[in-house]
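Structure, as structure tokens:
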Amino acid sequence: MSWHPYSGRYENMQYRYCGKSGLRLPALSLGLWHSFGHVQALDSQRALLRKAFDLGITHFDLANNYGPPAGSAEENFGRLLREDFAAYRDELIISTKAGYDMWPGPYGSGGSRKYLLASLDQSLKRMGVEYVDIFYSHRVDENTPMEETASALAQAVQSGKALYVGISSYSTERTQKMAALLREWRIPLLIHQPSYNLLNRWVDKTGLLDTLAENGTGCIAFTPLAQGLLTGKYLNGIPDGSRMQREGKKVRGLTEKMLTEANLNSLRLLNEMAHARGQSMAQMALSWLLKDERVTSVLIGASRPEQLEENVQALNNLRFTDDELKRIDQHVADGELNLWQASSDK
1 MSWHPYSGRY ENMQYRYCGK SGLRLPALSL GLWHSFGHVQ ALDSQRALLR KAFDLGITHF
61 DLANNYGPPA GSAEENFGRL LREDFAAYRD ELIISTKAGY DMWPGPYGSG GSRKYLLASL
121 DQSLKRMGVE YVDIFYSHRV DENTPMEETA SALAQAVQSG KALYVGISSY STERTQKMAA
181 LLREWRIPLL IHQPSYNLLN RWVDKTGLLD TLAENGTGCI AFTPLAQGLL TGKYLNGIPD
241 GSRMQREGKK VRGLTEKMLT EANLNSLRLL NEMAHARGQS MAQMALSWLL KDERVTSVLI
301 GASRPEQLEE NVQALNNLRF TDDELKRIDQ HVADGELNLW QASSDK
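Per the UniProt record's numbering, residue 1 is the first one in the sequence shown, and the count goes up by one each step.
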């Protein structure tokens with residue numbers, strides 16, 4: 001039986017211009033980092049994409065190595081695109097990235113023209129599309145001149161295989177340089193994708209948002225819930241019977257070492273503030289990011305459609321009082337949760 005999306009899907013979602021471009025992104029975008037590998041049921045993935053689109057979430061974010069195994073998220077998304085969304089391709093923003101290890105040998109990682117352009121071709125093939133809307137350099141590669149990485153991004157646009165280009169986990173200084181290099185090719189740096197949340201505020205400390213605004217570049221924040229800390233699940237430490245307790249390893253980037261007393265105190269304060277606002281802690285965490293109009297969109301993940309519905313409710317209250325912001329700044333310490341610091345500090 002054919003599926004027909006909700007006709008009122010654009011009525012309640014907010015859309016923001018990405019920097020100084022004419023492209024608008026939904027305030028919430030769906031990241032396919034988790035839940036879209038071959039280890040998950042395709043019907044569950046289908047339900048997530050359908051619900052997201054019905055809610056006005058038009059932007060789906062991928063990378064070459066998303067899975068597991070690497071590449072499987074693009075393959076599964078491509079199948080669902082063909083089966084459910086082929087008629088709506090022009091209503092979608094599809095992004096992918098390249099930078100991390102993808103195939104054996106010296107050409108399967110980094111920021112070289114060889115790797116980036118080969119990876120883009122592979123991504124297009126896996127998804128069964130002729131182009132992506134946004135192609136990212138996924139990380140800084142110190143062994144490749146930025147001029148070379150910029151030339152590869154420019155060629156992706158010039159060849160028609162990407163409409164726009166972006167970067168992820170670049171420092172403020174390198175972001176400024178990449179924007180300048182791309183201008184030499186008459187290609188704008190559309191967007192930056194940093195790890196950014198209430199417990200990971202390197203973006204604020206380094207003035208990244210100011211630099212992005214000066215260059216007309218948008219911002220899409222990933223890990224807005226701090227690897228799950230801001231969901232409220234860990235207010236009292238590791239839950240009994242949880243996967244982390246059973247297996248003693250990290251779960252979606254979260255490790256026991258991150259559950260410091262300082263972080264737990266921050267979580268309890270944030271949870272108290274959220275309830276006073278009539279929000280869950282997760283909703284308030286999303287609202288806090290989106291209160292700044294320089295943040296174009298926030299990338300959310302989900303394993304169940306109900307989580308998407310809850311997250312979208314965050315858009316109902318993006319206003320914070322001066323007192324709320326002051327309490328956050330004074331009492332919520334940086335949790336040292338930037339797992340991508342090796343890239344963003346370079």
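By construction, the Cβ of each residue, glycine as well, lies at the ideal position given by its N, Cα and C atoms.
- Along the region 57-94, the alpha helix (DSSP H) occurs as fully enclosed runs of 4 or more residues at 72-80, listed in sequence order.
- Segment contact: the region 210-217 against the region 326-336, fewer than three CB-CB distances shorter than 8 Å; contact not assigned.
- According to the DSSP assignment, His-192 belongs to the beta strand (DSSP E) that extends over 189-193.
- Counted as a single uninterrupted DSSP element, the alpha helix (DSSP H) harbouring Pro-305 occupies residues 305-312.
- Under the three-state reduction of DSSP, Tyr-115 is assigned to helix.
- Spanning the alpha carbons of Thr-321 and Met-284 requires a straight line of approximately 13 Å.
- Taking all protein chains shown into account, Ser-195 has 16 or more neighbouring C-beta atoms within 10 Å of its C-beta and is therefore buried.
- When beta bridges are read from the DSSP output, Leu-28 appears opposite Val-298.
- For the region 139-227, the full-length alpha helix (DSSP H) segments reaching 4 residues or more read 146-158, 172-184, 202-205 and 208-214 along the chain.
- Distance check between Asp-54 and each of Gly-71, Ser-29, Tyr-164 and Tyr-100 places Ser-29 closest, using alpha-carbon atoms only.
- For Phe-53, the secondary structure class from DSSP, reduced to helix, strand or coil, is helix.
- Trp-288 counts as buried, since at least 16 other C-beta atoms from the protein chains shown sit within 10 angstroms of its C-beta.
- Membership of Asp-322 in the alpha helix (DSSP H) is indicated by the continuous run 322-331.
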